[in-house]
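The opening residue of the sequence shown carries number 125 in the working numbering; numbering runs sequentially from there.
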Amino acid sequence: MTKFPRLVFCLLAFCSVFLLRGSNGNDSNSIAVQLNDDVLGLIVLKSDVKDPSSHLSSWNEDDDSPCSWDFVRCNPKTGRVTELSLEGLGLSGRIGKGLEKLEYLKVLSLSGNNFSGDISPEKLALPYDSLEVLNLSRNRLSGRIPASFFDMKSIRVVDLSENSISGPLPGTLFGPCFSLHFLSLAGNMLEGPIPQTLFKCLSLNSLNVSNNRFSGNPDFVSGFWLLERIRTLDLSKNFFSGSIPQGISGLHYLKEFLVQGNHFSGSLSPDIGLCPHLARIDFSGNQFSGGLPESFRRLNSLTLFSSANNMLTGEFPQWIGELRNLEYLDLSRNGFTGGLPSSMADLKSLNYLSLSNNKLTGIIPSSLGDLTKLSVINLRGNSFNGSIPDSLFNLALEEVDFSENQLSGPIPSGSTTSTRLFESLHFLDLSMNNIQGTIPAEMGLFSSLEYLNLSWNNLTSRVPPEFGMFRNLTVLDLRSSGLFGSIPGDICDSGSLDILQLDGNSLSGPIPDEIGNCSSLYLLSLSHNNISGPIPKSISKINKLKILKMEFNQLSGEIPMELGKLQYLLAVNVSYNRLIGRLPVGGIFQSLDQSSLQGNLGICSPLLKGPCKMNVPKPLVLDPNAYNNQIDGGDHHRQNHSESSPVNSKSHGRRMFLSVSAIIAISAATLILFGVIVISLLNISARKRLAFVEEALESMCSSSSRSGTSLAIGKLVLFYSKSSEEIGDPMALLNKASEIGEGVFGTVYKVSVSDHQERTELAIKKLVTSNIIQYPEDFDREVRNLGKAKHPNLVSLKGYYWTPQVQLLVTEYTPNGSLQSKLHERLSSVEPLSWPQRFKILLGTAKGLAYLHHSIRPPIVHYNVKPSNILLDQNLNPKISDFGLARLLTKLDKHVVSNRFQSALGYVAPELACRSLRVNEKCDVYGFGVLILELVTGRRPVEYGEDNVVILSDHARVLLEEGNVLECVDGSMGDYPEDEVLPVLKLALVCTSQVPSSRPSMAEVVQILQVIKTPVPQRMEMF
């Protein structure tokens, strides 16, 4: 029997097995059918599965039993399948109904695959009567969990984590859950409250609902205290709020209590310290206040304790050393005061210590050097003083961050007999202190070091040549650290350096040619030094270079033309040097502004007022004596005269020399003047001929068009579809029910049309009639030009409708509405945009504007960049709408964009209200900068209070100057990477500069955003 008929036979047998069971045949026939059920069920399952690596090749439908198949286990007595484990095999497809036949299946694990489909009973048939362990984690299953899902009498373990399951949980979901011990719903999109029926699952000892959208108040949370056998309770990264109520002390078996990333507030409950077996506590990322309860000192079993990113205050707990089993301690980003107790040396198991961004003072206890298992220590952003204990540099540390303190003294070199630190250290940040002395040569032995920041200190040292031994170093930041001497030629011998910052020192001498060995460098900053000599041509070998800063040095000569080949270069500053000559052709150099070039001797640029100097051979200097000799030999009378009167002879010779020079100059000037006159006459003649041709063509086109021979007035025109033939009068589709929005150019409607027997949703904008161009052929030409603008981040223009009274534009429909609705009109039930989503919207919008500005000629200036004109598709990809519509207005002043744009209050660039300033693409850059601020802060660009008006850009600028700009970040978006958000905010303030020339182009904005998204150990300042 061939394979296919055999499989068909199995499927038919599977469908008919129910009839066979109901028959009254003899027992042996019934048993034979039952013994084959497992084979049939697994073969049916395999038929719906895609197995690219052929892991299920041993599953043969010709076998009478599946017990020898891979990943299948049977009961040796009955021969029935009891366990099926297909974990991490890369399988995909849907989980078919074949599993329903495995009547004795106890363990089913399909985790770590790509199975998809709905988990409803109709789509996912399971042997509910026998299952004890169900693991469907790490797949792509979707849908809502039905109320009947837990109708399993013997189920003990359920793991549905890391799928795409959504919606609320049914209130009756956990009715029969007497045997349930383990439940994980983590990493889905579940929302709403957790059903009260869960608290009747009294056998539950592990519950994980993290990374969802669950919500609830303190009264609801207290229901968890009924689960007396619970050992692990993970409520992290949801939307639970309020204070944590009393009663947790009744959970005598509780080992892990994880609530990080919620909206809990109030003080920490003291009875948490009465849970004797607690080993892991994480309160981070909430809004807890007050101090740490004294009862916490009783938690002798605690190995992990984190309360980072809260508002806790008070004295740093002196009893912390009593938690002798601690391995991980993170109290960062709170308001703790006081010093560190010497008793911290009792934390012998401590591996990770972070106390950053508090208000701690005093010295760093040398007793921390007794923590032999310590690998990470972060004391950043406090007020510690004194010197760094030498004992710490004798440990096998991997990360050390003591930046932004008041530390003094030298950098410890570590014990000369110990190489543990040299072998282990990956990250070292001592920046923004008062450290003195030299950089120890022993640091060159840190072979594993990837990040080194010694900036903003008072070192008196040369750059050690041993730094070239850092084989893994990616970031070297030595800004403003008191360095002198020359830049070592072997500083880039490792070839791994991404960022090199040596600004603000006293470095001298030339830039070494070996700088070209920094093949992976993308940020090179040497500004504010005494570096002299030419800019090396070898820099052109650094193909990945994006930022080059060399301002305020003594560099001389010309900028090498080879630098124009650096295609990724997006920011250059060579101001205040001694450079001369032309700028390189190509790349960023043709768009540099004045601030990047000023203060040089003779750079040739129209932006600079100074003289242009070139490194060219000196012109030939004529010798006056040569002219005298020629004259004397040809005129005996003059020779005698010169002999008798030497003074007169010299003056006469000088007059003859000046006369020849004057003749040459006059001849050259005459020739140039003649050429100018000829060229001008030719240009005038050409313009007249061109104007004549254009007028003739325009007359021909106008007469033919207006006669009705080429354009159909009053008919819908779709550029790439025949649907217009089926619509008839589009005005009949526009009614109040289909209206979805209104903007400065008109009202928008949603319509559905037929296209080749398919329904397509479109948006139709009914334009305001005032100032619209009057002739249909002109309207057709402008709209068709706009229709050619094709970009993933632009709303596609599909067609138009024109009559003298009504003009319509047909565009694609975006189902997720506008960014305005997501930011300011969001319902409480709708989840706020996350940071990745916001960054995606920013980058896409920037790419769309860059396309309008740089890929279309003449460029299209939007004039009205704001959230209501940023539409979102089903995947939250941004699409810019209303671009180019200003071209349809005949009375649009090029300096003042009419009062229609006053609806974009806060987005309007200053030059739009000033007739003396030239309006160009930079006004869109200003609007985009305000858009950044609005996306990051969640606030409107202008907010009116009772007594004041808050301008968002001014407010953010003040916070940046005070060093508190992150305070304005929208808290509703949850966790966000500071090393991305901070430079994005800085970019916004650069874009909203009052001076248009100080703003970057949109192409530069795109590149800067891409740089910000580039992962580095820690984001450097880029502006």
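We put the CB at the ideal spot given by N, CA and C, even for glycine.
Self-check item: For I219, the first and last residue of its enclosing alpha helix (DSSP H)
Solution: Run containing I219: none; DSSP gives neither H nor E here.
Quiz prompt | Exposure of H652, with buried meaning 16 or more beta-carbon neighbours within 10 Å | solution = buried
Self-check item: Given P1120 as reference, the closest of D717, R1064, A970, A1080 once Cα atoms are compared
Solution: D717
Quiz item: So G340 and P317 are in contact, right, with Cβ under 8 Å, and what is the actual spacing, rounded?
Solution: 5 Å
Quiz item: Mapping DSSP to helix, strand and coil, what is C325?
Solution: coil
Self-check item: For L932, the nearest candidate out of K946, V875, K914, H915 (CA to CA)
Solution: V875
Quiz item: Tell me the DSSP bridge mates of F460?
Solution: G438
Quiz item: What's the C-alpha gap between S706 and K670?
Solution: The sequence given here places Arg at residue 706; Ser does not occur at that position. Computed Cα separation, rounded: 21 Å.
Quiz item: Taking the Cβ atom as the reference point for each residue, do N641 and C616 lie within a distance shorter than 8 Å?
Solution: yes
Self-check item: Secondary structure, beta strand (DSSP E): runs of 3+ residues fully inside the region 253-315
Solution: 257-259, 264-267, 281-283, 288-292, 306-308
Quiz item: Which residues mark the beginning and the end of the beta strand (DSSP E) in which W443 is found?
Solution: W443 -> no beta strand (DSSP E), and no H or E assigned at all.
Exercise. Classify I864 as buried or exposed, calling it buried when 16 or more other Cβ atoms lie within 10 Å of its own Cβ.
Key: exposed
Quiz item: Can you tell me the Cα-Cα spacing of F1183 and N557, whole angstroms?
Solution: Any property of residue 1183 remains undetermined from this structure, which presents the chain solely from 125 to 1147.
Exercise. Report the residue from I623, R908, K361, D627 whose alpha carbon sits nearest the alpha carbon of L645.
Key: I623
Practice problem: Out of G561, Y575, L597, point me to the one whose CA is closest to T584's CA. | Solution: G561
Practice problem: Look up D1203 in the DSSP assignment and give the residues it is bridged to. | Solution: With the chain represented from 125 up to 1147, any question about residue 1203 goes unanswered, as that position is not in the structure.
Quiz prompt | Contact under 8 Å by Cβ, L672 with Q1131 | solution = no
Quiz item: Does the Cβ of T296 have 16 or more other Cβ atoms within 10 Å, making it buried, or fewer, making it exposed?
Solution: exposed
Exercise. Per DSSP, which residues does Y228 bridge with? Please list them.
Key: Bridge partners of Y228: none, in fact.
Quiz item: Would you call the region 975-989 and the region 1104-1123 in contact, with 3 or more CB pairs under 8 Å?
Solution: no
Quiz prompt | Residue closest to A913, alpha-carbon to alpha-carbon, out of H948, I984, L943, E901 | solution = I984
Exercise. Name the two residues that bound the continuous alpha helix (DSSP H) containing W959.
Key: 959-978
Exercise. From the DSSP output, read off the bridge partner residues of C728.
Key: R706
Quiz item: Are the beta-carbon atoms of G409 and G385 separated by less than 8 Å?
Solution: yes
Quiz item: Between S643, I639, L647, which lies nearest to I659 when the distance is taken from Cα to Cα?
Solution: I639
Quiz item: By how many angstroms is the C-alpha of R595 removed from the C-alpha of N654?
Solution: 28 Å
Self-check item: Close-in-space but distant-in-sequence residues of the same chain around Q1134 (CB under 7 Å, 5 per side omitted)
Solution: none
Self-check item: I687 versus I663: straight-line alpha-carbon distance, rounded
Solution: Before going on, a small fix: residue 687 reads as Leu here, not Ile. Cα to Cα, the separation comes out at about 7 Å.
Practice problem: Quick one: measure Cβ to Cβ for M1126 and A1033, integer angstroms, because I've assumed they're closer than 8 Å. | Solution: Not really, about 13 Å apart at Cβ, beyond 8 Å.
Quiz item: In chain order, what residues of the same chain lie with their CB nearer than 8 Å to the CB of R448, ignoring the 5 residues before and after it?
Solution: N424, D470, L471, K472, S473
Quiz item: Can at least three beta-carbon pairs, one atom from the region 919-931 and one from the region 1060-1067, be found at a separation below 8 Å?
Solution: no
Quiz prompt | CA-to-CA distance, L248 to G220, given in whole angstroms | solution = 7 Å
Quiz item: Is the beta carbon of V205 sitting closer than 8 Å to the one on D242?
Solution: no
Practice problem: Report all residues from its chain with a CB closer than 6 Å to the CB of D553; omit the five preceding and five following residues, and keep chain order. | Solution: D525, S527, N577
Self-check item: Same chain only: Cβ atoms within 6 Å of N263, ignoring 5 sequence neighbours per side
Solution: N237, F239, N287
Quiz prompt | For F306 and V282, the rounded distance between their alpha carbons | solution = 6 Å
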